[in-house]
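Residue numbers (the numbering used here): 464 to 722.
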């Protein structure tokens, strides 16, 4: 694995402190042990050739890119204003077929991303023709940053990253001193950007694309080529997850200290 970090810090004027950092992490593994025994550790891992032929692939336990910026200013009246900005992709996802495509008895097969729409066959269902599904699937591929840039390859486990989340926390603190006693009042705005727009600062998840399972194996044509159906209604990879724990919040603090 690789873990690199670059940081900068400066104080351009009295009372103002600025810092920024970027962290890059790259780690590959045979299996992240997604189970409670050796069998499940390999069979639950998204694969191309099956659990008997694992290959090195991305791990779900790291954040590849993370940007952090901090600013703190102490005003002449003793009020300190601080801000913390972070940006990162919180999750990695795997594009997997619905069904057992490689015949290993486990339905966790990573999809092949066609070079163009002629490399994949679709079968008409009760409401959609094969051509309609082909057009819908290819439009989906073109809107997805990972699929669009990996045509002609098998998808890699956990390599499709969710869009970046941008968060901003703002904190105000004021100290009051009475002889040997000190009282500190604080006001913290957590995920302040979410106050301006309900989507800002919220993670995006793959529920919009049926958990990244958009292709189902339904059979084969006369020549033995596999035929698929495209999950109905899917037009985008990710949608915003509205989570109360991630929403804008206000914290009030009171700290007393003495010497």
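Heads up, the beta-carbon is just placed ideally off N, CA and C, and yes, glycines get one too.
Checklist entry - Relative to the alpha-carbon of residue 618, which residue among 692, 484, 531, 557 has its alpha-carbon at the smallest distance? => result 557
Next on the checklist: With a threshold of 6 Å on Cβ separation, who are the neighbours of residue 580 within its own chain once the five nearest residues in sequence on each side are excluded?
Outcome noted: 597, 601
Checklist entry - Cβ atoms of residue 700 and residue 670: under 7 Å apart, would you say? => result no
Item to check | Whole-Å CB distance - residue 573 paired with residue 509, under 8 Å assumed | outcome: 5 Å
Next on the checklist: According to DSSP, residue 700 sits in a beta bridge with which residue or residues?
Outcome noted: Residue 700 pairs with nothing; no bridge assigned.
Checklist entry - How many Å lie between residue 697 and residue 585 at the Cα? => result 15 Å
Next on the checklist: Helix, strand or coil for residue 731? Go by DSSP, reduced to three states.
Outcome noted: Nothing in the structure corresponds to residue 731, since the chain is present only between 464 and 722.
Item to check | C-alpha distance - residue 644 paired with residue 622, whole-angstrom precision | outcome: 54 Å
Item to check | Continuous beta strand (DSSP E) stretch holding residue 543: start and end | outcome: 542 to 551
Checklist entry - Among residues of its own chain, excluding the 5 on either side of residue 550, which ones have a beta-carbon nearer than 6 Å to its beta-carbon? => result 530, 627, 629
Next on the checklist: With a threshold of 8 Å on Cβ separation, who are the neighbours of residue 491 within its own chain once the five nearest residues in sequence on each side are excluded?
Outcome noted: 464, 519, 520, 521, 522
Checklist entry - Ends of the beta strand (DSSP E) at residue 657? => result Per DSSP, residue 657 belongs to no beta strand (DSSP E); it is in the alpha helix (DSSP H), 656 to 659.
Next on the checklist: Output needed for residue 535: all residues of its chain with C-beta closer than 6 Å, excluding positions within five of it in sequence on either side, in chain order.
Outcome noted: 480, 545
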